[in-house]
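For the sequence shown, the working numbering gives the first residue as 94, with consecutive numbering after it. Following: one structure in C-alpha cells, then a few remarks.
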Amino acid sequence: MFPPQTDEQPETYLESIGTIFARFGADTQDSGNISYGVAAGDQRYFFKTAGIPSDTAPYFDFEGRQQLLRTAARLAESVVHPALPTFHGVIESPGGPVLSYEWRDGEHLRAVRDHREDPTTAYQRFRALPTDELLTALDQVFDLHAGLTAAGWVEGDFYDGSLIYDFARRRLTVMDLDSYRFGPYRNDMGRMFGSSRFMAPEQFSLGAPIDDRTTAFVMARTGLVFLSDGTLNRSSCRATDAQYAVLQEAVTTRYPSYTAFYDAWREAS
Ligand SMILES: Nc1ncnc2c1ncn2[C@@H]1O[C@H](COP(=O)(O)OP(=O)(O)O)[C@@H](O)[C@H]1O
Ligand SMILES: [Mg+2]
Numbered sequence: 094m095f096p097p098q099t100d101e102q103p104e105t106y107l108e109s110i111g112t113i114f115a116r117f118g119a120d121t122q123d124s125g126n127i128s129y130g131v132a133a134g135d136q137r138y139f140f141k142t143a144g145i146p147s148d149t150a151p152y153f154d155f156e157g158r159q160q161l162l163r164t165a166a167r168l169a170e171s172v173v174h175p176a177l178p179t180f181h182g183v184i185e186s187p188g189g190p191v192l193s194y195e196w197r198d199g200e201h202l203r204a205v206r207d208h209r210e211d212p213t214t215a216y217q218r219f220r221a222l223p224t225d226e227l228l229t230a231l232d233q234v235f236d237l238h239a240g241l242t243a244a245g246w247v248e249g250d251f252y253d254g255s256l257i258y259d260f261a262r263r264r265l266t267v268m269d270l271d272s273y274r275f276g277p278y279r280n281d282m283g284r285m286f287g288s289s290r291f292m293a294p295e296q297f298s299l300g301a302p303i304d305d306r307t308t309a310f311v312m313a314r315t316g317l318v319f320l321s322d323g324t325l326n327r328s329s330c331r332a333t334d335a336q337y338a339v340l341q342e343a344v345t346t347r348y349p350s351y352t353a354f355y356d357a358w359r360e361a362s
C-alpha cells in the first residue's frame, strides 16, 4: 500500500502523498504521539507516529513510544475484525515508525470528567441509544476481545476513549489498543494506565497477574458503564436479568477466563 520506508520526516512524507486534514498532537493527546488524518487519492487514512523525540513530558519517552507503536502494529497484524480499522502496515522513517490505518468516521466517545453527565456529549448520546443498538455495539466490543484473546492479547487501557461511534451508520470502531500486551504478565506499574471506571483490581496492584480474566472484568465494566450507570444497581441497568447476572458475576466472583465470560454472555443474550 505505502512504501515500507521513507527518508523524509513523517509530516513531510505525509504532505507529499496527500492532504493532511486532521492532526492529533500535544493540544489533544497526552501520549506524546502525533497522529494525522490524510486524504490521498479517493481514500482517507489515519497515520500514527511517536511524535517529537525531544518531547519527554509524556509518561513514555520517544523510545518507549516507538516500542508501544511496534506492539500496536503487531496487534493489528495479528487480528482482523470489523470493529478494527484496516491496518495498512508500517512505514519506517527517520522519525520512527509511521503506522497506517483506514480512517474511520464517527464521534470519539471519550467522556471528559467535567462533562461526563452532559447529555449532548457523544458519550451520553451513545449511552442513550435504543437498547438493541447499544447491545449490538457492545457485542462488537466483546466479540473483538474474543478474537484478541484467542490471538494472545491481554487488555490494557481500554476505556470510552478507545471507541469511535458513527451514529448515522451505526458503526463502532475500536482504536488505540497500543497498551495491550502479548500474553499474561505481572502488573509492573502499580496503578496501571486506564480509567478506574473500567479497571480490574489487579490493575491497581503492583506484581499482580494480569491476563484474560482481567480482560473479562474490563469488558463487564464496559457493559456496566454503557448499559447502566457504572454501578451494579439492578434498576439502573438496561440489560436483561440473565445478562445482568453475567456482568455481575464477571466483576464479583469473576470468570476463570475470557472465553467463560463471553460464552456466558452469549448464552444470556
Ligand atoms: N482509524 C481512525 N480513524 C479516524 N480517527 C481515528 C482513528 N484512530 C484514532 N483516531 C482519532 O485520533 C485520536 C488519536 O488517536 P489515538 O490512537 O488515541 O492516539 P494516542 O496514542 O495519542 O492516544 C483518537 O482520539 C481518535 O479521535
Ligand atoms: Mg488515545
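Just so it is clear, CB atoms sit at the ideal spot from N, CA and C, and this is done for glycine as well. Just so we're clear, the structure is a prediction, and the values are computed from it rather than from any experiment.
Item                                                                                                         : Value
F112: first and last residue of the uninterrupted beta strand (DSSP E) it sits in                            : Per the sequence presented here, residue 112 reads as Thr, with Phe not at that position. T112 -> beta strand (DSSP E) spans 112-117.
Start-end ranges of the beta strand (DSSP E) lying completely within the region 142-198, minimum 3 residues  : 180-186, 189-195
Length of the line joining the Cα atoms of F291 and M285                                                     : 12 Å
Proximal residues to G134 (C-beta, below 8 Å), its chain only, five neighbours per side dropped              : G111
Rounded separation between A239 and E195 - CA only                                                           : 22 Å
Local conformation of R284 per DSSP, three classes                                                           : coil
N-terminal and C-terminal residue of the alpha helix (DSSP H) that A361 is part of                           : 351-361
For G249, three-class secondary structure by DSSP                                                            : coil
Short Cβ contact (8 Å threshold) for V311 with G276                                                          : no
T242, buried or exposed, once every other Cβ within 10 Å from all chains shown has been counted against 16   : buried
Between the CA atoms of D154 and G144 - distance to the nearest angstrom                                     : 10 Å
Three-state secondary structure (DSSP) of S328                                                               : helix
Of the residues Q98, K141, P97, the one placed nearest G118, counting alpha carbons only                     : K141
First and last residue of the uninterrupted beta strand (DSSP E) at Y258                                     : 256-259
Euclidean distance between Cα positions of A98 and L161                                                      : According to the sequence shown, residue 98 is Gln rather than Ala. Between Q98 and L161, the C-alpha separation is close to 19 Å.
Cutoff 7 Å; reference E170; Cβ partners in own chain excluding five residues on either side                  : F180
Collapsed DSSP secondary structure at R279 in the structure displayed                                        : strand
Element boundaries [alpha helix (DSSP H), containing A239]                                                   : 224-243
Residue burial classification, P103 (beta-carbon count within 10 angstroms, cutoff 16)                       : buried
Residue burial classification, R306 (beta-carbon count within 10 angstroms, cutoff 16)                       : buried
Touch test, the region 308-323 against the region 248-256, Cβ-Cβ under 8 Å, three pairs minimum              : yes
Y355 classed as buried or exposed, judged by whether at least 16 other C-beta atoms fall within 10 angstroms : buried
Bridge partner(s) assigned by DSSP for F139                                                                  : G130, Y194
Beta bridge counterpart(s) of T266 as assigned by DSSP                                                       : I257
R167: CB within 7 Å of a non-hydrogen atom of ligand 1                                                       : no
Cα-Cα separation between W358 and L107, rounded to whole angstroms                                           : 43 Å
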